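The numbering of the sequence shown is the working numbering, which starts it at 4 and goes up by one. Here is the structure we will look at, set down as structure tokens.
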Amino acid sequence: MITKEFKSFENKVWLSSPTMHGPEMTYVQEAYDTNWMSTIGKNINEVERITAERIGRKHAVALSSGTAAIHCCLRLAGIKPGERVFCSDMTFSATVNPVLYEGGVPIFIDAEYETWNMDPKALEKAFEMYPDVRVVVIAHLYGTPAKMDEILEICERHHAILIEDAAEALGATYKGKEAGSFGNVAAISFNGNKIITGSSGGMFLTDSDEDAFRIRKWSTQSRERADWYQHEEVGFNYRMSNVIAGVVRGQYEFLDEHIAQKKAIYERYREGFKGLPLQMNPIDEENSEPNYWLSCAIIDPEAMCEQVRGDNEALYRPAAGKSCPTEILETLAKYNAQGRPIWKPMHLQPIFRSHEFITREGTGRGKTNAYIPGGNLAADGLPVDIGRDIFERGFCLPSDNKMTPEEQDAIIEMVRACFE
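If you want it as structure tokens, here you go:
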């Protein structure tokens with residue numbers, strides 16, 4: 004329960020904003036000076052080459068957004084109307100919406116506490132229930148890779164296509180391999196808040212010559228090889244602009260620097276929160292190196308004050324020695340710093356509440372059970388989903404790599420004050 008007052012930040016401390024360096028404008032100016040302002044040009048060619056080399060894929064196809072890249076992955080998989088698709092539950096809706104574009108039916112797979120990503124045990128349970136599912140869409144949350152060895156083994160055993168949403172995880176590695184290199188196909192994002200940005204943009208990744216050719220064709224309205232405009236299948240206006248590619252091209256020079264800065268922010272939070280009843284978002288230090296895109300925290304169950312969230316509002320009851328995400332985020336906002344709630348799990352979203360949700364124990368009913376902070380079972384003995392528990396107790400901290408150590412120290416003190 005906060006009793007202190009703090010000085011507001013003169014300039015807003017952002018969650019994660021773009022950081023420009025200079026080379027970006029050089030490449031944009033080059034596009035302007037040479038009049039290559041459309042969806043072809045040197046910047047696009049270079050960004051595709053750099054991305055493929057960095058991630059270790061044979062092909063990278065530059066697209067207008069990460070969502071467009073995921074859509075192309077799903078279209079390539081040949082999703083049919085009414086076909087079930089297993090999807091990460093703890094993610095942003097952009098991971099799942101393209102399933103609906105193709106008429107598919109998302110079935111959400113619960114998270115696990117060790118990485119906050121898709122639980123392999125829940126995925127195995129899902130295949131026991133629906134052995135004919137052909138496609139799995141997995142997201143790496145907040146730049147931390149999922150348990151890829153286990154996920155891959157399950158998908159291979161069930162002959163399922165793995166679509167890897169690495170939108171948040173560019174530069175992260177699992178057992179030395181880059182995020183985006185594991186799936187049959189994969190997508191990354193250059194949205195404005197990502198580890199590097201083009202202001203928008205995304206990338207489709209594959210090792211197949213045929214896949215790369217088809218995505219290039221589909222992304223330019225499926226124009227056939229003819230002197231006139233001939234079309235034999237549905238296409239999309241998904242190609243990246245050469246101007247946007249110029250920004251991304253310049254940003255790539257600073258990817259590793261951004262990751263180092265984000266890691267320092269994470270470590271400073273972890274040190275500054277020692278003694279508080281909360282934990283930082285987990286890292287599998289034995290197997291993975293995240294890109295530390297966002298620093299997050301989760302409050303210990305016994306230190307949660309009462310909190311209730313509706314679809315649009317949240318209420319809480321302050322208590323000495325306890326806090327909750329709502330109180331912490333409101334406190335940060337009061338002093339001009341931007342935090343965010345953890346992604347609300349997909350099965351709790353109004354649009355998806357009729358969709359199935361599978362935990363390691365079977366069909367989940369966490370969306371209707373009474374919520375018990377940190378509990379594995381609700382009052383009626385049915386499983387409470389882990390994703391919901393992380394959502395209820397977790398929050399995203401200001402993680403902007405332009406934040407000064409002094410600003411971060413002030414944020415740490417604000418969070419500490421919430422538990423007094």
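All C-beta atoms, glycine included, are put in the ideal place defined by N, C-alpha and C. None of the values given here were measured: they were computed from a predicted structure.
- Membership of residue 167 in the beta strand (DSSP E) is indicated by the continuous run 164 to 168.
- Going by C-alpha positions, residue 405 is about 10 Å away from residue 411.
- Between residue 291 and residue 272, the C-beta spacing is not below 7 Å.
- The beta carbons of residue 416 and residue 252 sit about 40 Å from each other, so the pair does not count as a contact at 8 Å.
- Here residue 39 is buried. Its C-beta has 16 or more other C-beta atoms within 10 Å.
- The beta carbons of residue 338 and residue 19 sit no closer together than 7 Å.
- Here the alpha carbons of residue 289 and residue 234 stand approximately 50 Å from one another.
- Note that the C-beta distance between residue 183 and residue 243 is not below 7 Å.
- By alpha-carbon distance to residue 237, the top candidate from 25, 186, 75 is 75.
- In this chain, the beta strand (DSSP E) harbouring residue 319 covers 317 to 320.
- Within the same chain, 210 come within 6 Å of residue 61 by CB-CB distance, once the 5 residues on both sides are set aside.
- When C-alpha distances from residue 82 are compared across 95, 285, 106, the shortest belongs to 106.
- In the three-state DSSP reduction, residue 307 falls in the strand class (E or B).
- The beta carbon of residue 58 sits closer than 7 Å to the beta carbons of 181, 183, 184, 208 from its chain, once the five residues preceding and following it are set aside; these are given in chain order.
- Beyond the five residues adjoining it in sequence on each side, residue 126 comes within less than 6 Å, by CB distance, of 112, 157 in the same chain, given in chain order.
- Take the alpha-carbon of residue 316 and the one of residue 159: they are about 42 Å apart.
- In the three-state scheme derived from DSSP, where H, G and I count as helix and E and B as strand, residue 100 is classed as helix.
- Two segments are said to touch when three or more pairs of C-beta atoms, one from each, lie closer than 8 Å; by this definition the segment 246 to 266 does not touch the segment 276 to 287.
- Counting every other CB atom within 10 Å of its CB across the protein chains shown gives residue 346 a total of 16 or more, marking it as buried.
- Residue 281 is a Cβ neighbour of residue 300, given a cutoff of 7 Å.
- Ranked by Cα distance from residue 15, the options 422, 421, 28, 413 are led by 413.
- In this structure residue 31 is buried. Its beta-carbon is surrounded by 16 or more other beta-carbon atoms within 10 angstroms.
- According to DSSP, residue 180 shares a beta bridge with 177.
- When only Cα atoms are considered, residue 69 and residue 37 end up about 27 Å apart.
- In the three-state DSSP reduction, residue 375 falls in the coil class, being neither helix nor strand.
- Residue environment analysis places residue 132 among the exposed positions, since fewer than 16 neighbouring C-beta atoms fall within 10 angstroms of its C-beta.
- Membership of residue 75 in any beta strand (DSSP E) is not indicated; the residue belongs instead to the alpha helix (DSSP H) covering 69 to 80.
- As the crow flies, the alpha-carbon of residue 130 is around 29 Å from that of residue 376.
- Residue nearest to residue 388 within the set 200, 175, 179, 91 is 91 (criterion: CA-CA distance).
- With a contact defined as Cβ atoms closer than 8 Å, residue 191 and residue 64 miss out at about 11 Å.
- The secondary-structure analysis by DSSP pairs residue 202 across a beta bridge with 194.
- When the beta-carbon positions are compared, residue 241 and residue 96 stay at least 7 Å from each other.
- When C-alpha distances from residue 162 are compared across 172, 187, 169, the shortest belongs to 187.
- Per the coordinates, the alpha-carbon of residue 142 lies some 12 Å from the alpha-carbon of residue 173.
- DSSP places residue 299 within a strand segment (E or B) once states are collapsed to three.
- Assignment of residue 62 by DSSP, reduced to helix, strand and coil, places it in the strand class.
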